[in-house]
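One structure is given below, encoded as structure tokens.
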């Protein structure tokens, strides 16, 4: 397993805040909205520099999404920010009709996604958002893995013409992707060359997969590791190329096993190259209150779980 | 000075189109469409500054109209067609396979004149407020119009937008509520009363005007008054009283024609009450 240099530790939401500021500097059409979560979404730097381009909607997410659609006239590029739960499930119909079906250039910035929101518990820990968003025709779904990649993804989302769901999180996680990376929407990042198993991971699970790969290397197993920051459109070529080499795959995501990355990968494989697959994901349940690490352990999303899943899937190879 | 007779003539033709479109596919919403005919005819033919020849979704330096209760699409389609946005003949495709005239309006198929999909209720005012904010940012001094239904006022999102606009001094927006007191399951008063709607809007910080939506002279007068009130840091709302089914006697004064198509005989009767003025499609 390749050694990844960790340059620090930060939350991916701060990557969004930094990316939003830079996108705002790059393009005066970038505007932002927030439903009373400016601090949590790290939007203050953007607001300080561009106060006239920020709209505080109060705790009124439906209005925020509708306003975002209306704001696009004249070329404005709205980023609507709130927690992933309120950015998807609460406003699904608004996103469906006013953004996706209407083809509006709105970016939905969703923080605190998944179990790693931690102590607030299941009311706020959405594990269904990737599924909800990927089912909308025309919606791009991005789930970057660290601060640098989230910043790059935010800047790329601003340049892309069309609706984007950008998912990120609350906890501090290792920064291991380059600060100057090119972020290409829909293009997987191949992190490690290996031959025994393919791991396709997204978001916070990419670092867990690196940890798992390092453990597996000690046992003589080599992991072909793909960081799939874009879940839709899915980079099927990268997955198929890797799986042709390894013959087994483990998908890893901080999301319900139903409707997430794993099912998207399974569909690609079923159509092209049926392959044994194991799923690291939450097993169709809600979360609960605890520290992020405790929850990742309890719900089967730790690097140890990935190691076990790799061994299992290798044993299933024909 | 507006030519009221001309507007009435267009309205008569629009009513014919509505009834014929809905009859042709045995579905659609004639009641609210007929009730709002005078308003939408007047907006597009007398009041709004708009570019019907080269439709642009951005609407830069144009007044813009957003229809929140998308189910009254027949009236909007007819007015847009007669205004020159697309061929009048296309009205015959309403609700049919591969048509740009979907049951509820959409941008999806590129129909000129439509800037947002609507139909799922309660969303239009939010979109209009966003567009009004964009116009301010873009230093565009034109006006945003948004029409909502009265039953639609039962949606919570409407009140989110109603709260946002005065707080943020959205004063380039005229919201209009079609107050016909009828919705699918009965009168609005029976289904879920809106109480003193005027007082509620005023309590939210809106300037509220009242208008008889089926009297073109009053529509012209109150729209002009509303326009004159813009730019003062306060959003303007018009409570527009209409009769659902207006202009077709057997459809008037009941909610029965909210979403029901007339039979061939009923259509003939409706057409006999509304002379052909611009030519049927």
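Chains as they are written, first to last, in this note's numbering: chain A, 541 to 858; chain B, 61 to 341.
C-beta: ideal position from N, C-alpha, C; glycine also.
Counted as a single uninterrupted DSSP element, the beta strand (DSSP E) harbouring residue 297 of chain B occupies residues 296–301.
Identification of residues in the stretch 612–624 of chain A having a C-beta nearer than 9 Å to some C-beta of chain B yields 612, 613, 614, 615, 616, 618, given in sequence order.
Taking every protein chain shown into account, the CB of residue 193 of chain B has 16 or more other CB atoms within 10 angstroms, so this residue is buried. Taking 7 Å as the threshold, the shortest C-beta distance from residue 673 of chain A to chain B does not fall below it. Here residue 268 of chain B has 258, 261, 262, 297, 299 as same chain residues with Cβ atoms under 7 Å from its own Cβ, once five neighbours each way along the sequence are excluded. Taking CB atoms only, residue 603 of chain A has a neighbour in chain B less than 7 Å away. Check the Cα spacing between residue 599 of chain A and each of A:588, A:782, A:573: the tightest is with A:573. When CB distances to chain A are screened at a threshold of 8 Å, the residues of the stretch 119–142 of chain B falling below it are 119, 120, 124, 126, in chain order. Look at the stretch 98–185 of chain B and you find these whole runs of alpha helix (DSSP H), each 4 residues long or longer: 133–143. A contact is defined here as three or more CB-CB pairs under 8 Å, and the stretch 200–212 of chain B meets this definition with respect to the stretch 234–249 of chain B.
Contacts between residue 190 of chain B and chain A, judged by CB atoms closer than 7 Å, involve 606, 607, 608, 609, 610, 611 in chain order. Sixteen is the threshold: when 16 or more other Cβ atoms of the shown chains lie within 10 Å of the Cβ of residue 795 of chain A, as they do, the residue is buried.
Residue 181 of chain B and residue 694 of chain A have their C-alpha atoms roughly 31 Å apart. Interface with chain B (7 Å Cβ-Cβ cutoff): residue 641 of chain A is included. Restricted to the stretch 665–692 of chain A, the alpha helix (DSSP H) segments that are unbroken, complete and at least 4 residues in length are 669–674, listed in chain order. The secondary-structure analysis by DSSP pairs residue 270 of chain B across a beta bridge with B:299. Collapsing the DSSP output to three states places residue 629 of chain A in a helix.
Counting only residues of its own chain and dropping the five nearest sequence neighbours on each side, residue 587 of chain A has a CB closer than 6 Å to the CB of 594. Under the 10 Å beta carbon count, residue 149 of chain B is surrounded by fewer than 16 other beta carbons and is classified as exposed. Boundaries of the beta strand (DSSP E) around residue 238 of chain B: 233–239.
Taking C-beta separations shorter than 6 Å and ignoring five residues to either side along the sequence, the partners of residue 62 of chain B in its chain run 106, 280, following chain order.
Shown here for residue 138 of chain B: same chain residues with a beta carbon closer than 7 Å to its own, the five before and five after excluded, namely 74, 77, 78, 151 in chain order. Close partners of residue 595 of chain A in chain B (Cβ separation under 9 Å): 190, 193, 224, 228. The contact set of residue 89 of chain B on chain A, defined by CB atoms closer than 9 Å, is empty, because the minimum CB distance reaches about 17 Å.
Burial state of residue 238 of chain B is buried, judged by a 10 Å Cβ sphere holding 16 or more other Cβ atoms.
At least one beta carbon of chain B lies nearer than 7 Å to the beta carbon of residue 634 of chain A.
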